[in-house]
Amino acid sequence: MSDPLLLIETLGAVRRITIDRPEKLNALNRATLEALHRAFAEAAEDTAVRVVILTGAGDKAFVAGADIAELAGLSPIEARATSRLGQQLMTRIEQLGKPVLAQVNGYCLGGGMELAMACHLRVASEKARFGQPEVQLGLIPGFGGTQRLLRLAGRGAALELCLTGQQIDAQRAWQLGLVNRVVAPEALATETLALAEQLAGLAPQALRGVLDAVLTGGESALATGLEFETQAFAVAFSTADMREGTTAFLERRKPSFTGR
Ligand code: COA
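Spelled out as C-alpha cells, the structure:
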C-alpha cells in the first residue's frame, strides 16, 4: 500500500506509518487526515500487524498541528466537518485493538498533540516540544485535545496548556504523564521499535483485552470497569495463547504466541 502523504513500512509484525510532509512540518491537511484513516483501517484489518508506530518525517516535527492554511478559509459548517474528521481519526486509532505507539521526534503541537494522545504509548525525543497552541490563533483544539488532555494529565494541566497555548519540553511532558519515555534523539527510532517488537511478541488477544479494559474503564464507574475486566479476563481463557503462556511458564521456557 502506498500513499504520497504517508510512508508505510512493514517491519516484521510492526507497521510503521510516517507522515511524510516535512516541508510543512507534517501539518494535518484534509488529505493527510484521510490518508491516515485509510492506513489505520488497513493496519486494523491486517492480522499480521501486531503493533503500529506513528511518526513524522524529518528531524524537526512529529506534527506541527492541523494545517492552518486550510483552516483559515473554513466556514463554520466546514469547520465542524473538519473537527469530526479529525476526531474520528483519533477515535479510530484509540480503538484500533492493537497497541499504537507515537514516536515523537520534534514539534508535537495542536493536532499533532491530539494525534499523539490518541496513541496508546508515547516515546519522545529529548528535543520534542508539546503544546495546544490553538488559542493563539483564536481557536480551540478540535480533534479531541481538550478531552484527551484532561483525561491523560488532569484538569490543571489541560487548562494550563489549552488556555496559554504555551509549549513545553519533553521532560515537562514526562512529568505531566503525557509521554511514557524520553530518549536521546539518535536513539528514538531504535528504542520505539524495540518497544514495539516487545509488544508484538506478546499475545495479541491479551493486549487487546488490556486496551479494551483500560479504555472502557476510563469512561465508566469503577463497578462497570471491574465487570468489564472480569469478562475480558474470562475471554482470555478461551485463547490458545493463554494456554501457551501459562504452560511455558510452568515448563520454564519462553512462550511462543500465535495470536489464536
Ligand atoms: N499548518 C500549516 N503549515 C504549517 C504549520 C501548520 N500547523 N506548521 C508549520 N507550517 C509550515 C510553515 O508555514 C512553513 O511553510 P513555508 O515554508 O511554506 O512557509 C513550514 O511549515 C515550516 O514552518 P516554519 O514556521 O517556517 O518553521 P519554524 O521552525 O520557524 O517554526 C513552529 C516552527 C512549529 C514553531 C511553527 O511552524 C508554528 O508555530 N507552527 C504552527 C503551530 C500551531 O499553531 N499549530 C496548531 C494549529 S491549529
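If you count the sequence shown from 1, you need to add 865 to reach our numbering. We treat Cβ as the ideally placed atom computed from N, Cα and C, and that holds for glycine.
Regarding K963 and the ligand COA, is the C-beta to nearest heavy atom distance less than 8 Å?
no
Between which two residues does the beta strand (DSSP E) containing E874 stretch?
871–876
Helix, strand or coil: how does DSSP classify L914 here?
The amino acid occupying residue 914 in the given sequence is Val; Leu does not appear at that position. Reduced to three states, the DSSP call for V914 is coil.
According to DSSP, simplified to helix, strand and coil, what is I1033?
strand
Enumerated in chain order, which unbroken segments of the beta strand (DSSP E) with a length of 3 residues or greater are wholly contained in the region 966–991?
972–974, 986–990
By Cβ distance below 8 Å, which residues in the same chain neighbour I933 in space, the five residues on each side in sequence not counted?
A892, L1002
With a threshold of 6 Å on Cβ separation, who are the neighbours of R1013 within its own chain once the five nearest residues in sequence on each side are excluded?
M982
According to the Cβ coordinates, are L871 and A908 closer than 9 Å?
no
Quick one: which unbroken alpha helix (DSSP H) runs of 4-plus residues sit fully inside the region 877–946? Chain order, please.
895–910, 933–936
A946 beta carbon less than 9 Å from that of N1140:
As shown, the chain starts at 866 and ends at 1125. That puts residue 1140 outside it, with no answer to give.
For C984, collect the residues of the same chain with a Cβ closer than 7 Å to its Cβ; drop the 5 residues on either side in sequence, then sort them by chain order.
L919, I958, V965, L966, A967
Quick check: is any heavy atom of the ligand COA less than 8 Å from the C-beta of G921?
no
Inside the region 1084–1117 only - alpha helix (DSSP H) runs reaching at least 4 residues
1087–1101, 1105–1115
Looking at D932 and the ligand COA, is the gap between the Cβ and the nearest heavy atom below 8 Å?
yes
Would you say the beta carbon of P1050 is closer than 8 Å to some non-hydrogen atom of the ligand PLP?
Only the ligand COA can be found as ligands here, which leaves the ligand PLP out of the picture.
Tell me which residues share the same chain as S948 and place their Cβ nearer than 6 Å to its Cβ, disregarding the 5 neighbours each side in the sequence.
G1007
Could you work out which residue in R915, E1092, L1091, G971 is closest to G877 when comparing CA atoms only?
R915
Any heavy atom of the ligand COA within a distance shorter than 8 Å of the CB on E1056?
no
Residue from L1091, A1061, A1059, E1062 with nearest C-alpha to G1074:
L1091
Determine the direct distance from the alpha carbon of R1118 to that of T1112, and round the result to whole angstroms.
9 Å
Assuming contact is defined by CB atoms lying nearer than 9 Å, are S990 and V1047 in contact in what I supplied?
yes
To which residues of the same chain is L1064 closer than 6 Å at the C-beta, ignoring the five residues directly before and after it?
V916, P964
When you compare each of L1053, G1019, L1115 to G1083 by their alpha carbons, which one comes out closest?
G1019
What separation, rounded to the nearest whole angstrom, lies between the Cα atoms of L1024 and P998?
12 Å
Where does V1044 fall in DSSP's three states?
coil
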